[in-house]
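> Going by UniProt numbering, the first residue of the sequence shown is number 1, and it counts up by one from there.
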Amino acid sequence: MLPSTVPLSLLSPFSCLRLRMERQKVNVNRAALLQGDRRRAMTTYRRMTLCDTLQFNFVNLDQLTETYNTSFYGEYVTHWPEYQRMCVHPTTGIPMAYTLGKAEGQGEDYHGHVSAVSVAPTFRRVALGETLMAELAQMSELVHNAYFVDLFVRKSNQVAQDMYHRLGYIVYRTVLNYYHGDGPKGPFKSDEDALDMRLALRRDKERRKSSVIPLDRPIKPEELEWV
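1. Is DSSP giving Tyr45 helix, strand or coil here?
2. Should Lys185 be labelled buried (16 or more other beta-carbon atoms within 10 Å of its own) or exposed?
3. If you compare alpha carbons, which of Thr53, Asp62 and Phe123 is closest to Gly74?
4. Below 8 Å on the Cβ atoms is my contact criterion, and I expect Gly112 with His144 to pass it. Report the Cβ-Cβ distance as a whole number of Å.
5. On the premise that Asp204 lies in contact with Arg147, defined as a C-beta separation below 8 Å, what is that separation, rounded to the nearest angstrom?
6. Which residue from Ser118, Val119 and Glu141 puts its Cα closest to that of Tyr110?
7. Give the C-beta separation of Leu201 and Val171 to the nearest angstrom, bearing in mind that I take them to be a contact with Cβ-Cβ under 8 Å.
8. Tell me the DSSP secondary structure of Asp62 in three-state form.
9. With distances taken Cα to Cα, identify the nearest neighbour of Leu100 among Trp80, Gln63, Gln55 and Thr92.
10. Applying the criterion that 16 or more other CB atoms from any shown protein chain within 10 Å of the CB defines a buried residue, is Phe58 buried or exposed?
11. So what's Val126 in DSSP terms, helix, strand or just coil?
12. Per DSSP, what kind of secondary structure is Phe148 in: helix, strand or coil?
13. Can you list, in chain order, the residues of its chain with a C-beta nearer than 6 Å to that of residue 228? Leave out the 5 residues immediately preceding and following it.
14. Spatial neighbours of Asn60 within its chain, please: C-beta separation below 6 Å, excluding the five flanking residues on both sides.
15. Tell me the rounded alpha-carbon separation between Leu167 and Thr70.
16. Quick check on Leu195: does DSSP put it in helix, strand or coil?
17. Identify whether Gly105 lies in helix, strand or coil by the three-state DSSP scheme.
18. Hey, quick one: how far does the alpha helix (DSSP H) through Val159 stretch, first residue to last?
19. Should Met96 and Arg46 be called a contact, given that it needs their Cβ atoms to be closer than 8 Å?
20. Taking the continuous alpha helix (DSSP H) assigned at Tyr110, which residues delimit it?
21. In the structure shown, what three-state DSSP assignment does Leu201 receive?
22. Can you name the start and end residues of the alpha helix (DSSP H) that residue 229 belongs to?
Written as structure tokens, this is what we have:
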């Protein structure tokens, strides 16, 4: 662990982020203890490994959470290991929440992307998702020097949208029929639009045009710049 007295200006970007994250965890856990919330206070935050993907079932019970194949998780863990984060119970080792992310784009469109954020039903409403999302934004800003962070969310998922708005995200544009329906027997019977939401980072002010000025029309999936 890095000493808390080290000035951030003397550290490398990655070490600076580690120290910020350690300080943030201390503050989060202290606040949770003061509020009597032992579930959040006892949470362990760490980097995800490929073995963790074999224990996701408890977190992925929510029908809004996508479960991908092993090669998908393997690509993320291999290419962007710093972005893949887990919350686990310190005594049982049960996965509580996780985020999947990556860096993509070129030039002024270089940004961090939230591919997934999921919290197990038992551990919701204790700010685990918010904490992981804050980590991902810090990683994008301090390590990758990105211009913004973006994500896609179902238009019907108001709970997630509310959390993203609290974190400073805005709706940049609508992507028509981004999510495919599951058919008459599935939880989502028909196709659904996605909201492309963005969070401007400090470097956004260097762009010729801000990344968070909303687009005035919806787009189709084939018009997306990144897949």
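Don't be surprised by glycine CBs; every beta carbon is placed ideally from N, CA and C.
Please read all numbers here as calculations on a predicted model, not as lab measurements.
Taking the definition as stated:
1. Numbered from its first residue, the sequence shown carries residue 45 at position 45. Strand at Tyr45.
2. As a first step, residue 185 must be located in the sequence shown, where it is residue number 185. Lys185 should be labelled exposed.
3. The count along the sequence shown starts at 1 and reaches residue 74 at position 74. The shortest C-alpha separation from Gly74 is found at Thr53.
4. Within the sequence shown, residue 112 is the residue found at index 112, counting from 1. Within the sequence shown, residue 144 is the residue found at index 144, counting from 1. Indeed they touch by this definition, with Cβ atoms about 6 Å apart.
5. Here residue 147 refers to the residue found at position 147 of the sequence shown. Here residue 204 refers to the residue found at position 204 of the sequence shown. The question names Arg, yet the displayed sequence has Tyr at residue 147. Between the beta-carbon of Tyr147 and that of Asp204 there is about 5 Å, and that keeps the pair under the 8 Å contact cut.
6. The residue given as residue 110 occupies position 110 in the sequence shown. Among Ser118, Val119 and Glu141, the Cα nearest to that of Tyr110 is on Glu141.
7. Counting from one through the sequence shown, the residue named residue 201 turns up at place 201. Counting from one through the sequence shown, the residue named residue 171 turns up at place 171. About 17 Å; that fails the 8 Å criterion.
8. Counted from its first residue, the sequence shown places residue 62 at position 62. In the structure shown, Asp62 sits in coil (DSSP, three-state: anything other than H, G, I, E or B).
9. Taking the first residue of the sequence shown as 1, we reach residue 100 at position 100. Comparing Cα-Cα distances from Leu100 to each of Trp80, Gln63, Gln55 and Thr92, the minimum goes to Trp80.
10. The residue labelled residue 58 in the question sits at position 58 within the sequence shown. Phe58 should be labelled exposed.
11. In the sequence shown, residue 126 corresponds to position 126, counting from 1. Note: Val126 maps to coil in three-state DSSP.
12. Against the sequence shown, residue 148 aligns to sequence position 148. In the structure shown, Phe148 sits in a strand (DSSP, three-state: E or B).
13. Because the chain spans 1 through 227 in this model, residue 228 falls outside it and cannot be assessed.
14. For this step, residue 60 is matched to residue 60 along the sequence shown. For Asn60, the CB contacts under 6 Å within the same chain, skipping 5 residues up- and downstream, are Thr67 in chain order.
15. For the purposes of this step, residue 167 is taken as the residue at position 167 of the sequence shown. For the purposes of this step, residue 70 is taken as the residue at position 70 of the sequence shown. When rounded, the distance between both Cα atoms is 30 Å.
16. Stepping through the sequence shown from its first residue, residue 195 is reached at position 195. Strand at Leu195.
17. Taking the first residue of the sequence shown as position 1, residue 105 is located at position 105. In the structure shown, Gly105 sits in coil (DSSP, three-state: anything other than H, G, I, E or B).
18. Here residue 159 refers to the residue found at position 159 of the sequence shown. Per DSSP, Val159 belongs to the alpha helix (DSSP H) from Gln158 to Arg166.
19. As a first step, residue 96 must be located in the sequence shown, where it is residue number 96. As a first step, residue 46 must be located in the sequence shown, where it is residue number 46. No; because the gap between Cβ atoms is not below 8 Å, this pair is not in contact.
20. In the sequence shown, the residue the question calls residue 110 occupies position 110. No alpha helix (DSSP H) contains Tyr110, which DSSP labels as neither H nor E.
21. Taking the first residue of the sequence shown as 1, we reach residue 201 at position 201. In the structure shown, Leu201 sits in coil (DSSP, three-state: anything other than H, G, I, E or B).
22. Missing from the structure shown is residue 229; the chain here goes from 1 to 227 and no further.
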